[in-house]
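Peer 1: Handing you a structure now.
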Amino acid sequence: MTDITASEPKPRRRVNLHVLGPVLALVALIILGASLNSNFLSYGNVTNVLARSAFIGIIAVGMTFVITAGGIDLSVGSMAAFVAGVMILSLNALIPSMGIGVPLIATGMVIALATGIAAGFLNGFLISKIRIEAFIVTLGSMGIYRSLVTWLADGGTLSLNFDARSFYRPVYYDGLLGIAWPIIVFAVVAILGELAMRHTAFGRHCAALGANEQVAKYSAIKVERLRLMTYVILGLLVGVATIMYVPRLGSASASTGVLWELEAIAAVIIGGTVLKGGFGRVWGTVIGVLILSLIDNILNLASIVSPYLNGAIQGVIVILAVVLQRESKSAD
Amino acid sequence: MKRRDIFKGAALGLAVVATPVVAQDEETKVIGVAIPSATHGFMGGLNYHAQEAIARLEETYPQLEFVLATAGDAGTMVNDIEDMVATRNIDALVVLPFESEPLTSPVQAVADAGIWVTVVDRGLSVPGIEDLYVAGDNTGFGRVAGEYFAENLSEGDNIVVLRGIPTTLDNERVDAFSAAIEGSGINVLDMQHGNWNRDDAFNVMQDYLSKYDDIDAVWASDDDMAIGVLEAIAQAGREEEMWVVGGAGMKEIIARIMEGDPQLPVNVTYPPAQIATAIELTALGMVSATPVSGRFIIGSEMITPENAESFYFPDSPF
Amino acid sequence: MTAVLAAQGVKRRFGPIEVLHGVDFDLVPGQIHALIGENGAGKSTLMKILGGYLSPSEGQLLLDGSPVTFTDQRDAENAGILMIHQEFNLALQLSVEENIFLGREKKRGIFLDKVAMRAEAAELLARLDCHVDPRTRVADLSVPNRQMVEIARALGRNARVLIMDEPTAVLTGRETDVLLGQIDRLRANGTAILYTSHKLDEIRRIADRVTVLRDGTQILTREAKGFTEDAMATAMVGRELTDLFPDKTPATDEVVLTVENLTVPGKVRDASFTLKRGEVLGFAGLVGSGRTELMEGLVGLRAATGTVKVNGTPVKPGSVQAAREAGVVYLTEDRKDKGLLLGKDLTQNLTLLALDKFGSLRIDKQAEDAALTQAISDFDIRVNDRAMLAGSLSGGNQQKLLLAKTMLADPDIVIIDEPTRGIDIGTKQQIYGFIADLAASGKSVIVVSSELPEVIGTSHRVIVMGRGFVAGELTGEKITEENILRLAVGVADRIAETEPA
Chain A
279 MTDITASEPK
289 PRRRVNLHVL
299 GPVLALVALI
309 ILGASLNSNF
319 LSYGNVTNVL
329 ARSAFIGIIA
339 VGMTFVITAG
349 GIDLSVGSMA
359 AFVAGVMILS
369 LNALIPSMGI
379 GVPLIATGMV
389 IALATGIAAG
399 FLNGFLISKI
409 RIEAFIVTLG
419 SMGIYRSLVT
429 WLADGGTLSL
439 NFDARSFYRP
449 VYYDGLLGIA
459 WPIIVFAVVA
469 ILGELAMRHT
479 AFGRHCAALG
489 ANEQVAKYSA
499 IKVERLRLMT
509 YVILGLLVGV
519 ATIMYVPRLG
529 SASASTGVLW
539 ELEAIAAVII
549 GGTVLKGGFG
559 RVWGTVIGVL
569 ILSLIDNILN
579 LASIVSPYLN
589 GAIQGVIVIL
599 AVVLQRESKS
609 AD
Chain B
1247 MKRRDIFKGA
1257 ALGLAVVATP
1267 VVAQDEETKV
1277 IGVAIPSATH
1287 GFMGGLNYHA
1297 QEAIARLEET
1307 YPQLEFVLAT
1317 AGDAGTMVND
1327 IEDMVATRNI
1337 DALVVLPFES
1347 EPLTSPVQAV
1357 ADAGIWVTVV
1367 DRGLSVPGIE
1377 DLYVAGDNTG
1387 FGRVAGEYFA
1397 ENLSEGDNIV
1407 VLRGIPTTLD
1417 NERVDAFSAA
1427 IEGSGINVLD
1437 MQHGNWNRDD
1447 AFNVMQDYLS
1457 KYDDIDAVWA
1467 SDDDMAIGVL
1477 EAIAQAGREE
1487 EMWVVGGAGM
1497 KEIIARIMEG
1507 DPQLPVNVTY
1517 PPAQIATAIE
1527 LTALGMVSAT
1537 PVSGRFIIGS
1547 EMITPENAES
1557 FYFPDSPF
Chain C
176 MTAVLAAQGV
186 KRRFGPIEVL
196 HGVDFDLVPG
206 QIHALIGENG
216 AGKSTLMKIL
226 GGYLSPSEGQ
236 LLLDGSPVTF
246 TDQRDAENAG
256 ILMIHQEFNL
266 ALQLSVEENI
276 FLGREKKRGI
286 FLDKVAMRAE
296 AAELLARLDC
306 HVDPRTRVAD
316 LSVPNRQMVE
326 IARALGRNAR
336 VLIMDEPTAV
346 LTGRETDVLL
356 GQIDRLRANG
366 TAILYTSHKL
376 DEIRRIADRV
386 TVLRDGTQIL
396 TREAKGFTED
406 AMATAMVGRE
416 LTDLFPDKTP
426 ATDEVVLTVE
436 NLTVPGKVRD
446 ASFTLKRGEV
456 LGFAGLVGSG
466 RTELMEGLVG
476 LRAATGTVKV
486 NGTPVKPGSV
496 QAAREAGVVY
506 LTEDRKDKGL
516 LLGKDLTQNL
526 TLLALDKFGS
536 LRIDKQAEDA
546 ALTQAISDFD
556 IRVNDRAMLA
566 GSLSGGNQQK
576 LLLAKTMLAD
586 PDIVIIDEPT
596 RGIDIGTKQQ
606 IYGFIADLAA
616 SGKSVIVVSS
626 ELPEVIGTSH
636 RVIVMGRGFV
646 AGELTGEKIT
656 EENILRLAVG
666 VADRIAETEP
676 A
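Chains as they are written, first to last, in my numbering: chain A, 279 to 610; chain B, 1247 to 1564; chain C, 176 to 676.
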C-alpha cells in the first residue's frame, strides 16, 4: 500500500491567483511603500507596523476559526475593551496586597485570559446551546461589553497605576533579539493557528461544520461543542491581545477597540476565508491583517492624498483584494 | 435612583426647611438635559459635570426636576428629546447637539412649543432658535495654542499636527491654529487625523516619527491624543527632541503640567464644565426672574505650571 | 407525426474529451421517449442539450423541423421545453406556491395576486394527487412531495416538451403510480415527453419508444413494445447481467444488537428487534413509516427513548459518538445533504468520520492519502483526479465514497439507508456485492430500502415497518414482495402468522 502512494504523483493544484492574490497585494503594497518613503523599510517602521497589527492579528486568527465554522463574532472589539478594563481595575486593586512585580502582572494576565474565555464562552453558549443566531448574540454582547467598560470607567478612562505600568510596559515595547514581544506572540499564535487549521482534526471539523452542518452531525462530530469551542478560543485570543494592548498605553476607555471586529473580519475575508464558512486559512488572515495595517501606514507616511479619503482608499483595496480572488477562482 | 441619591434626597428635605431660598413660584419645573454619551474622554468629563450639576441643583432647588438622557448618535438624541416633550412635559431643554444639522428642526419644534431652549457647545444650523447659547471657544482653542507655538518656536522649526474627527469643530480649531502661526516661519510637516482617539494617535505619531527625523513640537489638539503621542515618542526615545501640547485639560495631563514636565509645557482649556454652566443658568432662569438669555462663550485659557492647580479636578473622570 | 424537438448527429465535448459521439433523438407530441443507460452514459448531457442548458459541439437541434439554437435554458423554456431535475431546483425557504410561480408570478397591478396563485397551485397539486397545503414551506416537505412540487411547477408552465430526469428515484410505489398516471394524461394531451429512470419496469410500463446510450454512443432506438427488461439491461451494460444479487452467506446465531422499545417521539413507537453477527437485516415499509427515523434514533441522531444494546452493553442514548464507539454507524439516505461535503476533496470526505484514526493531534496526511488509495481500489471509485471535489463524482461513485467513509470507522454494525438510490444498475450490483462481503466477513448490516427487490435480494431477514411501529418480520421463504406489502399496509392476519415466537 505504501509503495502505491509513493509511486503516485502527489495531487498538487496549480499555483493560481486565488492563492497568490493576497500575497501579491501585500508585495505590491510593500513596493509602493518603499518607493514612496525611504524610511518605510526601516527597522523602526517595520516593527511599528507589525507590533500594531498584533492586536487585531491575534484576534483575527481566532475569528478565522469562528468564520470557517460558519459563525461570526461582532463583539470582539468591545470584548477587548472590556477585558482591558477588567484587567486594569484588577491590577490597580491588587497592588496594595501583591505589590508591583511579576506575580502581579502574571495574575493580571490570568484574569485577562479568564475574562476573555468567559466572554467567549457566553457568546458560544448562547449560539450553540440556546441556538440564537450568532449575528444577533454577538451584536447584543457587543453593546453589553461596550456599555460595561464605559460604566467601569465612569464614562472616562481607566488608567493603570503609573508604577505598575512602568513595570509592565516592556511587554509591549521590548522584545527578544530585537523583535518586539507583540510580534513574537502574534507569530506564535498565527503558527499554532495555521497548524490547528490544516493539520488537526479540530481545523478539519471546523471546515466541515461550516460547509454543511448536517454532514458534520452525521459524521459523528460533536457539533455543539465544536461551535462553542471556536468562540471560547476567540475569547481566549481576545484575552491574549488585551495582554499585549494594556502595556502600550496603560489605559482603556469606551473608545478602546472600536471597530476592531470589522477590521478582524475584513482581514479574515481578504485572506481568502469564505465568509459563509466551510473554508479557512490562517496564513491568509495574517496577510490580510498586514495589508490593512500597511494601507494606514503608507497613507500616513506618504501624504499623497487628502487624509479625508483614507477610509475610501482602504475600502477600495479591501474590495479589490476580494475581487481578485473571485476572478481567479472562476478562471481555474 | 442610586442609594446615595436617596440619602441626598433625605438631606435635602432638611435643607428645604433650613435654607432661605425664596422660590419664584412653587410650581415644579422640569428641565430636560440631552447630551452625547460618554464615548470619549472629553464627553466623559462632560457627563460627569452634567450629573454633578444636576445633583447640586436638585439639592438647592427642590422645585426643579431634571431628566438626563445620553445618546450614542443623533437619531437617538432626537428620540430622547421627543420623549421628554411628550412624556415628561419639560419646561426647559438643555441640549448639546450631537450634530448640528439633524438636531436643528427637532429643537426648533421644541422652541416653538414655548419651551425654553439652551444650546451648548455646538450651534444649530439655523441661528436664533435657542434662548441661551453656552459654548466653548473653538477658535480660541486653536488660536491660544497657535500663539504659544509662534512665541516659543523659531523660524524654520518643524511641527506636526494631529487632527480630530473631521468635523466643523475640528476645522475651526485647526484654521485658527494655522492663522495664529502664520508668518512665524514655523514649518508644519504634516496634519493627519487621530480621531481624538489614543490608539489612532499612537499609530499616527509612530508614522510621523518614522517619516521625519526632525520634529520640534507636536500639537496633539486633544489630551486623549496627547497620551498616545507621548507614548509613541517614548517608544522612539525622542523625548528630548520635542514638546507636546494637547488640549481640553484632562486631569492626568494637568497633573504633569503642575509637576513642570518639560515635555508638556502648557495646555489649553476647553472646559467640559460648560455643560454645568449651561444647566445652572437655565435653572436660574426657571426659578428666578434673572434674565439669562443670550450667548455665553467660555473662553479657552492657557494652562501653565503656575495656574494649573485651579484647573485640576481629581474627582472628574476626565 | 413530425418531431417537435429533435437532435441530429449531436456531439458534445468537454475540453478534449468527447462525451456524446453523434446522437439522433426525437420527441414527438403525444409520445413518451425513454432514454436509458448507466450513470455516465451521456443521458444527462443529452438532456441538458435538449433543455437548452448546454449547446452541442457538433450537430444541430430542430424545433418543429427547423434548426434552432438555444442561448440558454430560459430560451428553451420560452419555446415550451421544460426540464425537471433530479436534483431539485426549489427555494427551500419559500412556500410551495411561491416555488411553483417563481419567476412568473401572477400580478394584479404591481401587487402579487396571491389568491389566484394559491388556487392554481392547489389545482396543479390536486391533479398530481398530492395533498400538500400550497402555503407549506418547501423545507418542511418530504422528499417525494418536493418532487411533486417540482413536477407541478413544470405543469404550470404548459410545457410542449417535458424532460424528466429520474422523476421516480425518490418516490414510493404508490407515488410512482400517481406520477405515471399523470404522465399518461400529459401524453394524451399531446405533450412530448423524455423520460429517464433506472427502474426498467417503469420504462416498460410507460414508454412508447426507447433509446439506449452506452459510453456516449447511441446503442439503439426502438419501439418499447416487446423490449424486455433483461434485454434493456443487457443493451445498457453491454454484457449479460446474471445474478444482480450475490449468494448469501448464512448468518451466525450470535446476537450483536438488541433494540428494545425504541420510541422516537411522533415518528416511531416501541420498536424492538435484534441483529445477529453476519446477518443482513432488511427494513421495508412505505415512505413515512418511520424506518429512517428509527435508525436515526438508534444511532443517536434523533432524540429517542428505549434501550439499545451492543453485545449486551447499553449504548448511551442521543450520542452519535457513543454509537460509533460501540461500533454502530449509519449511512444516510441523503448523501448530498447529509453524507458528503460536496465542496471538499475526496480525502477530507473519506476520513471525516474516522479522523481520530489518523493521528491524535496532528493529522497524518500520508496515511490519509494511503487510505484514499485503498478506498479507491477497495470500492472501485472511479476518479479522474485524486484532488477532485466530491461533488464532481457521479452519483454511484459518491455512494461508493460514502460507503468507504463509513467503513473507515471500522464498524461492526452498519446501517445503510437506501444503498442504491439514484445509481445505475452496474454500480448497484457492486454495492450489493459489498453488502454481502461485509456480512460474510462477520459484520452485521441493516439495509433500509424502498425498493423491494433490493430488500429481498440482500437480506436474510426482513422487518416491515408500518406507520411508526414494527408491523412484522419475515424470514426465509416468506420474504416475498406480496408478504412485505401486506405487512406494510397492515393486514392483521398476516402479521400473526409471521411474527416470531
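Ideal Cβ positions, reconstructed from N, Cα and C, are used throughout, including at glycine. These numbers were taken from a predicted model, which means no experiment stands behind them.
Out of A:Ile414, A:Glu539, A:Ser497, which one is the CA nearest neighbour of Arg499 (chain C)?
Peer 2: As a position in the third sequence, residue 499 (chain C) is number 324, starting the count at 1. Looking at the Cα atoms, A:Ser497 is the closest of the given residues.
Peer 1: For Asn1449 (chain B), which residues in chain A fall below 7 Å Cβ to Cβ?
Peer 2: In the second sequence, residue 1449 (chain B) corresponds to position 203, counting from 1. Those within 7 Å of Asn1449 (chain B) in chain A are Arg330, Asp574.
Peer 1: Would Ala397 (chain A) and Met365 (chain A) be called neighbours here (beta carbons separated by less than 8 Å)?
Peer 2: As a position in the first sequence, residue 397 (chain A) is number 119, starting the count at 1. As a position in the first sequence, residue 365 (chain A) is number 87, starting the count at 1. Cβ distance not < 8 Å, so Ala397 (chain A) and Met365 (chain A) don't count as in contact.
Peer 1: Between the C-alpha atoms of Gln1438 (chain B) and Leu1415 (chain B), what's the straight-line distance to the nearest angstrom?
Peer 2: On the second sequence, residue 1438 (chain B) is found 192 positions in, with the first residue counted as 1. On the second sequence, residue 1415 (chain B) is found 169 positions in, with the first residue counted as 1. Gln1438 (chain B) and Leu1415 (chain B): Cα-Cα distance of roughly 16 Å.
Peer 1: Examine chain B for any beta-carbon lying closer than 8 Å to the beta-carbon of Thr428 (chain A), and answer yes or no.
Peer 2: For the purposes of this step, residue 428 (chain A) is taken as residue 150 along the first sequence, with counting starting at 1. Chain B contact via Cβ: present.
Peer 1: Could you check the C-alpha separation between Met411 (chain C) and Thr392 (chain C) for me, to the nearest Å?
Peer 2: In the third sequence, the residue the question calls residue 411 (chain C) occupies position 236. In the third sequence, the residue the question calls residue 392 (chain C) occupies position 217. Distance between the alpha carbons of Met411 (chain C) and Thr392 (chain C) is about 11 Å.
Peer 1: Starting from Ala498 (chain A), find everything on chain C with Cβ-Cβ shorter than 7 Å and list it in chain order.
Peer 2: Taking the first residue of the first sequence as 1, we reach residue 498 (chain A) at position 220. Result: Val495, Gln496, Arg499, Leu528.
Peer 1: Does any residue of chain B bring its CB to less than 8 Å from the CB of Thr342 (chain A)?
Peer 2: Looking up residue 342 (chain A) in the first sequence gives position 64. With 8 Å as the cut-off, Thr342 (chain A) does not count as an interface residue toward chain B.
Peer 1: Is Gly555 (chain A) close to chain C, meaning its C-beta is less than 8 Å from at least one C-beta of that chain?
Peer 2: Along the first sequence, read from residue 1 onward, the residue named residue 555 (chain A) stands at position 277. By this cut-off, Gly555 (chain A) is not an interface position.
Peer 1: Select from C:Leu229, C:Asp308, C:Leu375, C:Gly240 the residue whose C-alpha is nearest the C-alpha of Glu213 (chain C).
Peer 2: For the purposes of this step, residue 213 (chain C) is taken as the residue at position 38 of the third sequence. Minimum Cα distance to Glu213 (chain C) is reached at C:Leu375.
Peer 1: At the level of alpha carbons, what is the spacing between Val271 (chain C) and Tyr228 (chain C)?
Peer 2: In the third sequence, counting from the first residue as 1, residue 271 (chain C) sits at position 96. In the third sequence, counting from the first residue as 1, residue 228 (chain C) sits at position 53. Rounded to the nearest angstrom, the two C-alpha atoms are 25 Å apart.
Peer 1: From the beta carbon of Pro585 (chain A), is the nearest beta carbon of chain B less than 8 Å away?
Peer 2: Position 307 of the first sequence holds residue 585 (chain A). Chain B, which has a Cβ nearer than 8 Å to the Cβ of Pro585 (chain A), makes this yes.
Peer 1: Along the chain, which unbroken stretches of the alpha helix (DSSP H) at least 4 residues long are found entirely within the segment 270-335 of chain C?
Peer 2: Qualifying alpha helix (DSSP H) stretches, in chain order: 271-275, 289-302, 318-330.
Peer 1: Give the interface partners of Tyr1294 (chain B) over in chain D, defined as CB-CB distance under 9 Å, in chain order.
Peer 2: Protein chains A, B and C are contained in the structure displayed, whereas chain D is not.
Peer 1: What's the call for Ile350 (chain A), buried or exposed, on a 16-neighbour Cβ count within 10 Å?
Peer 2: In the first sequence, the residue the question calls residue 350 (chain A) occupies position 72. When all chains shown are included, Ile350 (chain A) counts as buried.
Peer 1: Count the other C-beta atoms from every protein chain shown that fall within 10 angstroms of the C-beta of Met563 (chain C), then say buried if there are 16 or more, exposed otherwise.
Peer 2: Taking the first residue of the third sequence as position 1, residue 563 (chain C) is located at position 388. Classification of Met563 (chain C): exposed, given that the 10 Å Cβ count is below 16.
Peer 1: Ala1425 (chain B): which of B:Gly1287, B:Pro1560, B:Gly1386 sits nearest, CA to CA?
Peer 2: Position 179 of the second sequence, counting from 1, holds the residue named residue 1425 (chain B). Nearest of B:Gly1287, B:Pro1560, B:Gly1386 to Ala1425 (chain B), Cα basis: B:Gly1386.
Peer 1: Thinking just about the alpha-carbon of each residue, which of C:Gly487, C:Asn486, C:Leu395 is nearest to the one in Gly197 (chain C)?
Peer 2: Translated into positions along the third sequence, residue 197 (chain C) becomes position 22. Taking only the C-alpha atoms, the option nearest Gly197 (chain C) is C:Leu395.
Peer 1: How would you label Ile285 (chain C), buried or exposed, when you count the other beta carbons within 10 angstroms and need 16 or more for buried?
Peer 2: For this step, residue 285 (chain C) is matched to residue 110 along the third sequence. So Ile285 (chain C) ends up on the exposed side.
Peer 1: Give every residue of the same chain whose Cβ lies closer than 6 Å to the Cβ of Leu528 (chain C), excluding the five residues on either side of it in the sequence, and list them in chain order.
Peer 2: Numbered from 1 along the third sequence, position 353 holds the residue referred to as residue 528 (chain C). Lys580, Ala584, listed in sequence order.
Peer 1: With a cut-off of 8 Å, does the C-beta of Ala1466 (chain B) fall near any C-beta of chain A?
Peer 2: Residue numbering aside, residue 1466 (chain B) sits at position 220 when the second sequence is read from its first letter. For Ala1466 (chain B), the answer is no, since every Cβ of chain A falls outside 8 Å of its Cβ.
Peer 1: How close, in whole Å, do the beta carbons of Val427 (chain A) and Ala542 (chain A) come, if the pair is a contact with beta carbons under 8 Å?
Peer 2: Locating residue 427 (chain A) in the first sequence gives position 149, where the first residue counts as 1. Locating residue 542 (chain A) in the first sequence gives position 264, where the first residue counts as 1. Going by Cβ atoms, the distance from Val427 (chain A) to Ala542 (chain A) rounds to 18 Å, so no, they are not a contact pair.
Peer 1: In the DSSP assignment, the beta strand (DSSP E) including Gln235 (chain C) goes from what residue to what residue?
Peer 2: Against the third sequence, residue 235 (chain C) aligns to sequence position 60. Note, Gln235 (chain C): beta strand (DSSP E), 233-238.
Peer 1: Could you say if the segment 476-485 of chain C and the segment 636-655 of chain C meet the contact criterion of at least three C-beta pairs nearer than 8 Å?
Peer 2: Contact between the segment 476-485 of chain C and the segment 636-655 of chain C is absent, because fewer than three Cβ pairs lie under 8 Å.
Peer 1: Whose Cβ in chain A lies nearer than 7 Å to the Cβ of Asn1443 (chain B)?
Peer 2: By one-based count along the second sequence, residue 1443 (chain B) stands at place 197. Within 7 Å Cβ-Cβ: Ser533.
Peer 1: When you check each C-beta in the segment 1397-1427 of chain B against every C-beta of chain A, which residues fall closer than 7 Å?
Peer 2: Residues Pro1412.
Peer 1: Nearest to Gln574 (chain C) by alpha carbon, out of C:Asp560, C:Pro586, C:Ala550?
Peer 2: By 1-based counting over the third sequence, the position of residue 574 (chain C) is 399. Of the listed residues, the one whose Cα sits closest to Gln574 (chain C) is C:Ala550.
Peer 1: For Ala1447 (chain B) versus Val1406 (chain B), is the C-beta distance shorter than 8 Å?
Peer 2: Residue 1447 (chain B) sits at position 201 when you count from the first residue of the second sequence. Residue 1406 (chain B) sits at position 160 when you count from the first residue of the second sequence. Going by C-beta atoms, Ala1447 (chain B) is not nearer than 8 Å to Val1406 (chain B).
Peer 1: Starting from the beta carbon of Leu419 (chain C), find every residue of chain A whose beta carbon is closer than 9 Å, and list them in chain order.
Peer 2: As a working mapping, residue 419 (chain C) is identified with position 244 in the third sequence. In chain order: nothing, as chain A lies at least about 28 Å away.
Peer 1: Less than 8 Å between the CB atoms is what I'm expecting for Arg561 (chain C) and Leu547 (chain C), so what's the real figure, rounded?
Peer 2: Locating residue 561 (chain C) in the third sequence gives position 386, where the first residue counts as 1. Locating residue 547 (chain C) in the third sequence gives position 372, where the first residue counts as 1. Correct: roughly 6 Å between the Cβ atoms.
Peer 1: Please list the partners that Thr507 (chain C) has in chain A, where partner means a Cβ-to-Cβ separation under 8 Å.
Peer 2: Here residue 507 (chain C) is taken as the residue at index 332 of the third sequence, counted from 1. Neighbours of Thr507 (chain C) on chain A, chain order: Tyr496.
Peer 1: Can you tell me whether DSSP reads Ser285 (chain A) as helix, strand or coil?
Peer 2: As a first step, residue 285 (chain A) must be located in the first sequence, where it is residue number 7. Because the pLDDT at Ser285 (chain A) is just 38, under 50, the model does not fix this residue reliably, and the value given afterwards should be weighed accordingly. Three-state DSSP puts Ser285 (chain A) in a helix.
Peer 1: Taking the CB atoms as reference points, tell me whether Arg328 (chain C) and Pro309 (chain C) lie closer together than 8 Å.
Peer 2: On the third sequence, position 153 is the one that residue 328 (chain C) refers to. On the third sequence, position 134 is the one that residue 309 (chain C) refers to. Contact: no.
Peer 1: When the cut-off is 8 Å and only beta carbons count, does Val493 (chain A) lie next to chain C?
Peer 2: Position 215 of the first sequence, counting from 1, holds the residue named residue 493 (chain A). True, the Cβ-Cβ gap to chain C drops below 8 Å.
Peer 1: For Met1323 (chain B), which residues from the same chain have a beta carbon less than 6 Å from its beta carbon, with the 5 sequence-adjacent residues on both sides left out?
Peer 2: Translated into positions along the second sequence, residue 1323 (chain B) becomes position 77. Ala1280, Ala1317, Phe1344, listed in sequence order.
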